[in-house]
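Q:
Number of protein chains: 2
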Amino acid sequence: MKTYLDCIPCLIRQGLDSARAVTDDPAVHERVLREVCRAAVKMDMRQSAPVMAQHIHRLVRDLSGVVDPYRQIKERFTQLALGVYPYLESCVAEAADAMKTAVQLAIAGNVIDLGVNGSLDDAQVHRAIDRALTVPLRGYLPSFTEAVSGAESILYLADNAGEIVFDRLLIEQVGPAKVTLAVRGAPVINDATADDARAAGLNECVEIIDNGSDAPGTILGDCSDAFRRHFDQADLIIAKGQGNYETLSEVEADIFFVLMAKCPIIARDLGCEVGDFILSGSACAATAGRQDSRARI
Amino acid sequence: MKTYLDCIPCLIRQGLDSARAVTDDPAVHERVLREVCRAAVKMDMRQSAPVMAQHIHRLVRDLSGVVDPYRQIKERFTQLALGVYPYLESCVAEAADAMKTAVQLAIAGNVIDLGVNGSLDDAQVHRAIDRALTVPLRGYLPSFTEAVSGAESILYLADNAGEIVFDRLLIEQVGPAKVTLAVRGAPVINDATADDARAAGLNECVEIIDNGSDAPGTILGDCSDAFRRHFDQADLIIAKGQGNYETLSEVEADIFFVLMAKCPIIARDLGCEVGDFILSGSACAATAGRQDSRARI
Numbered sequence: 002m003k004t005y006l007d008c009i010p011c012l013i014r015q016g017l018d019s020a021r022a023v024t025d026d027p028a029v030h031e032r033v034l035r036e037v038c039r040a041a042v043k044m045d046m047r048q049s050a051p052v053m054a055q056h057i058h059r060l061v062r063d064l065s066g067v068v069d070p071y072r073q074i075k076e077r078f079t080q081l082a083l084g085v086y087p088y089l090e091s092c093v094a095e096a097a098d099a100m101k102t103a104v105q106l107a108i109a110g111n112v113i114d115l116g117v118n119g120s121l122d123d124a125q126v127h128r129a130i131d132r133a134l135t136v137p138l139r140g141y142l143p144s145f146t147e148a149v150s151g152a153e154s155i156l157y158l159a160d161n162a163g164e165i166v167f168d169r170l171l172i173e174q175v176g177p178a179k180v181t182l183a184v185r186g187a188p189v190i191n192d193a194t195a196d197d198a199r200a201a202g203l204n205e206c207v208e209i210i211d212n213g214s215d216a217p218g219t220i221l222g223d224c225s226d227a228f229r230r231h232f233d234q235a236d237l238i239i240a241k242g243q244g245n246y247e248t249l250s251e252v253e254a255d256i257f258f259v260l261m262a263k264c265p266i267i268a269r270d271l272g273c274e275v276g277d278f279i280l281s282g283s284a285c286a287a288t289a290g291r292q293d294s295r296a297r298i
Numbered sequence: 002m003k004t005y006l007d008c009i010p011c012l013i014r015q016g017l018d019s020a021r022a023v024t025d026d027p028a029v030h031e032r033v034l035r036e037v038c039r040a041a042v043k044m045d046m047r048q049s050a051p052v053m054a055q056h057i058h059r060l061v062r063d064l065s066g067v068v069d070p071y072r073q074i075k076e077r078f079t080q081l082a083l084g085v086y087p088y089l090e091s092c093v094a095e096a097a098d099a100m101k102t103a104v105q106l107a108i109a110g111n112v113i114d115l116g117v118n119g120s121l122d123d124a125q126v127h128r129a130i131d132r133a134l135t136v137p138l139r140g141y142l143p144s145f146t147e148a149v150s151g152a153e154s155i156l157y158l159a160d161n162a163g164e165i166v167f168d169r170l171l172i173e174q175v176g177p178a179k180v181t182l183a184v185r186g187a188p189v190i191n192d193a194t195a196d197d198a199r200a201a202g203l204n205e206c207v208e209i210i211d212n213g214s215d216a217p218g219t220i221l222g223d224c225s226d227a228f229r230r231h232f233d234q235a236d237l238i239i240a241k242g243q244g245n246y247e248t249l250s251e252v253e254a255d256i257f258f259v260l261m262a263k264c265p266i267i268a269r270d271l272g273c274e275v276g277d278f279i280l281s282g283s284a285c286a287a288t289a290g291r292q293d294s295r296a297r298i
């Protein structure tokens, strides 16, 4: 997905918010803001927004001197998610359609927003989970199930720390033996790295690789050769979250995107409403499932 | 009021919105967006946000070739306001405190937002007016009334077209004979110019001057010498709307600001909440009224 004009003020706002989340130094806030504006003057709008976001968060880290600014938030969300994991497992165990519930819960993990202070308690998280299970899933589940059954190797592209605990439910349904979990190559915002995946215990059930990149998405040209080989050789890709959608929506590969549409620009690109839960197959993935699942969104 | 860091993404968003309101040409939208970002890289944050807004709207006019992009919207709002004027007069006539009601209605004129399509009908406008009369007025009205009584010459700084029809109620209460109405020197957004003031019939009751500037506020250094003389010689200034507050809040003069706080940054600067109706005297104006009205907000 290209960068739309509407993304620019939003990215500039995100740059300022991130700088403030990382340091109290107003000089750093102003420097980040001006540098992001400078980058916006000449940015290539054919590239996806996460290319700019990668630049922004490198700036925030460089100017603040903090390598992993969201480490504590990531740790808190991981512990919170591990705490509710038995409840999540019981939801899937009791579900009429375990695969559908696992997809919904994987998206629920993307919805729960700890905020900066991470003050949600278990009861609030349980309520958010229960609500997520009532949101209709936009997409054609049988295509996804068929594509998963037919694939011998699946590359699961993770999104955020904590959220990957929720992803584990979907990985268990898909079949962990054929799944490789790919995380970011270095910290960026609260995206999951290999450390975060291990802290969440995902190494107990799947092989974990990193993509060699510090972008909040999967910019293939910025990823390592080793990751690219995995990407090219996998029978199926499951891509989680908006950042992976933005960076891979135009890549020719068998990909299913699993996300909540959180922003109006991405919702428009997907042809859905903000807040919709999406299971969208790319044209290639749809062919693999012999059904144009995207057309159903 | 200086430009806060939070103003920058907002100004960039406003630039894009304005470009879209004026032309359907996406090349102009992108050019405006990038030029505003370029200006933000080096802007002097000690200046007020309307300095940047002036630059943005000059860009929009230059690149679109449209001299008065909001002319039709201004004309529609003027006609709509003139249509409800008899109702507004009856509200003041029946009010327990005519001055208070006139201030509230002057602010109501700033609140009613026609949007781009200007599709509000009379019933909706009446409801908006009735609601405005229930909003508490933050500020010390007796200081204002006393300052008005003591002044022989009052300079009333207008804000938007259409809104000035509502301002007429307050001008009538203050005493039109001692009021000069100042409008913008050239079109900028939907701010009132001399043409708009005449179309609203304000020339029937007050002398109208323009400030010689195309800024959406009153940047004294950018105003004409003739306007500056009026400004310096007036016993009291009544400044309407956010743009006049942003540009004059630190100027040493006897000024009362009359506005609704529409943005969180201005609300914080005023020490109030977004949506509050404000009648705020500057320190000098408060002294004139022998009461620190600002401290009461």
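Residue numbers (the numbering used here), protein chains in the order written: chain A, 2 to 298; chain B, 2 to 298.
Each residue gets a CB set at the ideal place from its N, CA and C atoms; glycine is no exception.
Since the model is a prediction, treat every value here as computed from it, not as a measurement.
(1) Using 10 angstroms around the beta-carbon of A/R35, count the other beta-carbons present and answer buried if the total reaches 16, otherwise exposed.
(2) Is it buried or exposed, B/Q73, if we count other Cβ atoms within 10 angstroms and call 16 or more buried?
(3) Apart from the five residues on each side of it in sequence, which residues of its chain come closer than 8 Å, Cβ to Cβ, to A/N118?
(4) Using the rule of at least 16 other Cβ atoms within 10 Å of the residue's Cβ for burial, across every protein chain shown, is B/L134 buried or exposed?
(5) Using the beta-carbon of each residue, which ones in chain B are nearer than 7 Å to A/P10?
(6) For A/K3, which of helix, strand or coil comes out of DSSP?
(7) Got a sec: which bits of the segment 31-54 of chain B sit with their beta carbon under 7 Å from any beta carbon on chain A, in order along the chain?
(8) Do A/L280 and A/Y246 have their CB atoms nearer than 9 Å?
(9) To the nearest whole angstrom, what separates the beta carbons of B/L182 and B/A200, a pair I think is in contact under 8 Å?
(10) Skipping 5 residues on each side, what residues in its chain have a beta carbon closer than 6 Å to that of B/L142?
(11) Give the DSSP-derived three-state secondary structure of B/G282 in the structure shown.
(12) My output table needs one value for A/K263: the three-state DSSP class, helix, strand or coil.
(13) Taking 9 Å as the threshold (beta carbon to beta carbon), is B/L6 in contact with chain A?
(14) Go ahead and pull the three-state DSSP assignment for B/A20.
(15) Alpha carbon to alpha carbon, how far is A/M53 from B/Y157? Give it in angstroms, no decimals.
(16) Along the beta strand (DSSP E) that carries A/A28, what are the first and last residues, could you check?
(17) Spell out whether any CB of chain B is found under 9 Å from the CB atom of A/N118.
(18) If you drop the 5 nearest sequence neighbours on each side, which residues of the same chain put their C-beta closer than 8 Å to that of A/V207?
(19) Rounded to the nearest angstrom, how far is the Cβ of B/P10 from that of A/P10, given a contact under 8 Å?
(20) Can you give me the start and stop residues for the beta strand (DSSP E) that A/K241 sits inside?
(21) Looking only at its chain, what residues have a beta carbon closer than 8 Å to the beta carbon of B/R21, apart from the 5 residues adjacent to it on each side?
(22) If you drop the 5 nearest sequence neighbours on each side, which residues of the same chain put their C-beta closer than 8 Å to that of B/P51?
(23) If we ignore side chains and look at the alpha-carbon of each, how far apart do B/Q55 and B/E76 end up?
(24) Are there 16 or more other CB atoms within 10 angstroms of the CB of A/Y88, so buried, or fewer, so exposed?
(25) Which residues mark the beginning and the end of the alpha helix (DSSP H) in which A/E147 is found?
(26) With distances taken Cα to Cα, identify the nearest neighbour of A/A107 among A/G282, A/F258, A/R269 and A/S283.
(27) So, at 6 Å on beta carbons, what are the nonlocal neighbours of A/V252 in its own chain, with the 5 sequence-adjacent residues on each side left out?
(28) Going by DSSP, what residue range makes up the beta strand (DSSP E) through B/T181?
(29) Just mark B/M132 as buried or exposed, buried being the case when its beta carbon has 16 or more other beta carbons within 10 Å.
(30) Which of the three DSSP states is assigned to A/D69 in this structure?
(31) Return the residue from the list A/N212, A/F278 and A/N191 that minimises the CA-CA distance to A/A103.
(32) Would you say the segment 147-162 of chain A touches the segment 120-130 of chain A, given that touching needs at least three Cβ pairs under 8 Å?
(33) Compute the distance between the beta-carbons of A/P70 and A/S144, then report whether it is under 9 Å.
A: The relevant details are as follows:
(1) buried
(2) exposed
(3) Because the pLDDT at A/N118 is just 48, under 50, the model does not fix this residue reliably, and the value given afterwards should be weighed accordingly. Around A/N118: no qualifying Cβ.
(4) exposed
(5) P10, I13, R14 and L17
(6) coil
(7) E31, L34, R35, C38, R39, A41 and V42
(8) no
(9) Actually they are not in contact, since the Cβ atoms of B/L182 and B/A200 sit about 13 Å apart, beyond 8 Å.
(10) K101
(11) strand
(12) coil
(13) yes
(14) helix
(15) 46 Å
(16) No beta strand (DSSP E) contains A/A28, which is instead part of the alpha helix (DSSP H) from P27 to K43.
(17) Confidence at A/N118 is low in this model, with a pLDDT of 48, below 50, so its placement is unreliable and the value that follows should be read with caution. By this cut-off, A/N118 is not an interface position.
(18) Y157, I172, P177, V180, T181 and L182
(19) 5 Å
(20) L237 to K241
(21) H30
(22) A216, P217, G218, I220, G244, E247 and T248
(23) 22 Å
(24) exposed
(25) L142 to G151
(26) A/F258
(27) none
(28) V180 to V184
(29) Reading the sequence as shown, one finds Arg at residue 132 of chain B and not Met. Answer is exposed; the Cβ neighbour count stays below 16.
(30) coil
(31) A/F278
(32) no
(33) no
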